[in-house]
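*Asks:*
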Amino acid sequence: MENVQRLVEILQELRLASLSMQSTLQTESEIKAAMKKYDMLFLGGNFNFINTVELHHSVKNVFNWNIEKDEFLKLVPAACESLEIKYEVAVLANEPNTFAGYFITLT
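Using the working numbering, you'd call the opening residue of the sequence shown number 16 and step up by one each time.
See the structure below:
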(Lines of atoms letter the chains of each structure in order from A; the text may use other names.)
(Lines give C-alpha, C1' and ligand atoms only; values in the text may rest on other atoms or scores of the structure.)
Protein backbone atom coordinates (compact mmCIF):
# COMPACT_ATOMS: atom_id res chain seq x y z
CA MET A 16 0.00 0.00 0.00
CA GLU A 17 2.90 2.33 0.75
CA ASN A 18 4.14 1.95 -2.84
CA VAL A 19 0.70 2.74 -4.24
CA GLN A 20 0.61 5.91 -2.15
CA ARG A 21 4.02 6.95 -3.43
CA LEU A 22 2.87 6.50 -7.02
CA VAL A 23 -0.33 8.43 -6.23
CA GLU A 24 1.77 11.36 -5.00
CA ILE A 25 3.90 11.27 -8.16
CA LEU A 26 0.81 11.18 -10.39
CA GLN A 27 -0.68 14.11 -8.45
CA GLU A 28 2.47 16.14 -9.10
CA LEU A 29 2.45 15.21 -12.79
CA ARG A 30 -1.24 16.09 -13.03
CA LEU A 31 -0.48 19.57 -11.66
CA ALA A 32 2.38 19.95 -14.13
CA SER A 33 0.04 18.92 -16.94
CA LEU A 34 -2.59 21.43 -15.84
CA SER A 35 0.06 24.13 -15.71
CA MET A 36 1.16 23.31 -19.27
CA GLN A 37 -2.45 23.63 -20.43
CA SER A 38 -2.53 27.26 -19.33
CA THR A 39 -2.65 29.73 -22.19
CA LEU A 40 -0.05 31.71 -20.27
CA GLN A 41 2.58 28.99 -20.70
CA THR A 42 5.25 29.65 -23.31
CA GLU A 43 6.82 26.93 -25.43
CA SER A 44 10.03 27.22 -23.42
CA GLU A 45 8.11 26.75 -20.13
CA ILE A 46 6.42 23.64 -21.50
CA LYS A 47 9.78 22.25 -22.62
CA ALA A 48 11.23 23.06 -19.20
CA ALA A 49 8.47 21.08 -17.48
CA MET A 50 9.10 18.10 -19.74
CA LYS A 51 12.82 18.37 -19.05
CA LYS A 52 12.19 18.59 -15.30
CA TYR A 53 10.33 15.28 -15.33
CA ASP A 54 12.46 13.81 -18.14
CA MET A 55 9.37 12.63 -19.97
CA LEU A 56 6.96 13.68 -22.68
CA PHE A 57 3.51 15.01 -21.93
CA LEU A 58 1.58 14.31 -25.12
CA GLY A 59 -1.72 15.36 -26.64
CA GLY A 60 -3.25 18.73 -27.29
CA ASN A 61 -3.61 19.29 -23.55
CA PHE A 62 -0.24 17.82 -22.53
CA ASN A 63 -2.13 15.33 -20.39
CA PHE A 64 -1.26 11.98 -21.97
CA ILE A 65 1.69 9.92 -20.70
CA ASN A 66 2.82 6.32 -20.96
CA THR A 67 4.25 4.03 -18.33
CA VAL A 68 7.51 3.43 -20.21
CA GLU A 69 8.45 7.08 -19.75
CA LEU A 70 6.74 7.32 -16.37
CA HIS A 71 8.82 4.44 -15.01
CA HIS A 72 11.97 6.15 -16.32
CA SER A 73 10.95 9.37 -14.56
CA VAL A 74 10.07 7.53 -11.34
CA LYS A 75 13.56 6.04 -11.25
CA ASN A 76 15.61 9.01 -12.43
CA VAL A 77 13.69 12.08 -11.31
CA PHE A 78 11.84 10.84 -8.24
CA ASN A 79 14.75 8.56 -7.20
CA TRP A 80 12.54 5.53 -6.63
CA ASN A 81 14.31 2.35 -7.65
CA ILE A 82 11.34 0.09 -8.37
CA GLU A 83 11.37 -2.77 -10.84
CA LYS A 84 9.24 -2.35 -13.95
CA ASP A 85 6.98 -5.33 -13.24
CA GLU A 86 6.28 -4.20 -9.67
CA PHE A 87 5.69 -0.64 -10.89
CA LEU A 88 3.19 -1.78 -13.53
CA LYS A 89 1.21 -3.70 -10.90
CA LEU A 90 0.71 -0.44 -8.96
CA VAL A 91 -0.55 1.68 -11.85
CA PRO A 92 -4.22 0.59 -11.91
CA ALA A 93 -4.73 1.09 -8.15
CA ALA A 94 -2.96 4.47 -8.17
CA CYS A 95 -4.92 5.71 -11.18
CA GLU A 96 -8.24 4.48 -9.82
CA SER A 97 -7.67 6.21 -6.48
CA LEU A 98 -7.21 9.51 -8.34
CA GLU A 99 -9.98 8.80 -10.86
CA ILE A 100 -7.40 9.01 -13.64
CA LYS A 101 -8.18 7.16 -16.85
CA TYR A 102 -5.73 4.53 -18.02
CA GLU A 103 -5.75 1.93 -20.74
CA VAL A 104 -3.66 -1.10 -21.55
CA ALA A 105 -0.94 -0.69 -24.16
CA VAL A 106 0.08 -3.63 -26.32
CA LEU A 107 2.92 -4.21 -28.76
CA ALA A 108 1.97 -3.26 -32.32
CA ASN A 109 3.43 -6.41 -33.83
CA GLU A 110 2.15 -8.63 -30.99
CA PRO A 111 -1.31 -7.35 -29.99
CA ASN A 112 -1.67 -9.98 -27.28
CA THR A 113 1.50 -8.82 -25.50
CA PHE A 114 1.05 -6.37 -22.61
CA ALA A 115 3.41 -3.39 -22.92
CA GLY A 116 2.22 -1.12 -20.11
CA TYR A 117 -0.41 1.59 -19.87
CA PHE A 118 -1.39 4.90 -21.40
CA ILE A 119 -2.50 7.39 -18.75
CA THR A 120 -4.69 10.47 -19.20
CA LEU A 121 -3.80 12.79 -16.32
CA THR A 122 -6.67 15.28 -16.69
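Note that CB positions come from ideal geometry on N, CA and C, so glycine has one too.
Measure the CB-CB distance between Y117 and V106 and report whether it falls below 8 angstroms.
*Replies:* For Y117 and V106, no; Cβs fall outside 8 angstroms.
*Asks:* Identify every residue that forms a DSSP beta bridge with I25.
*Replies:* In the DSSP output, where bridge partners are listed per residue, I25 has none listed.
*Asks:* Consult DSSP for V77 and reduce its assignment to one of helix, strand or coil.
*Replies:* DSSP places V77 in coil when its eight states are reduced to three.
*Asks:* Take A115 as the anchor and find which of F62, N66 and H72 has the nearest alpha-carbon.
*Replies:* It is N66.
*Asks:* From the DSSP output, read off the bridge partner residues of L58.
*Replies:* Partner(s): F64.
*Asks:* According to DSSP, Y53 sits in a beta bridge with which residue or residues?
*Replies:* DSSP output for Y53 lists no bridge partner at all.
*Asks:* Starting from A93, trace the beta strand (DSSP E) both ways and give me its first and last residue.
*Replies:* Element bounds for A93: not the beta strand (DSSP E) but the alpha helix (DSSP H), K84 to S97.
*Asks:* What is the DSSP secondary structure of L107, counted as helix, strand or coil?
*Replies:* In this structure, L107 counts as strand in the three-state DSSP scheme.
*Asks:* Look up T120 in the DSSP assignment and give the residues it is bridged to.
*Replies:* In the DSSP output, where bridge partners are listed per residue, T120 has F64 and K101.
*Asks:* Within this structure, are the beta carbons of L26 and L88 separated by less than 8 angstroms?
*Replies:* Their beta carbons are not under 8 angstroms apart, which means L26 does not touch L88 by this criterion.
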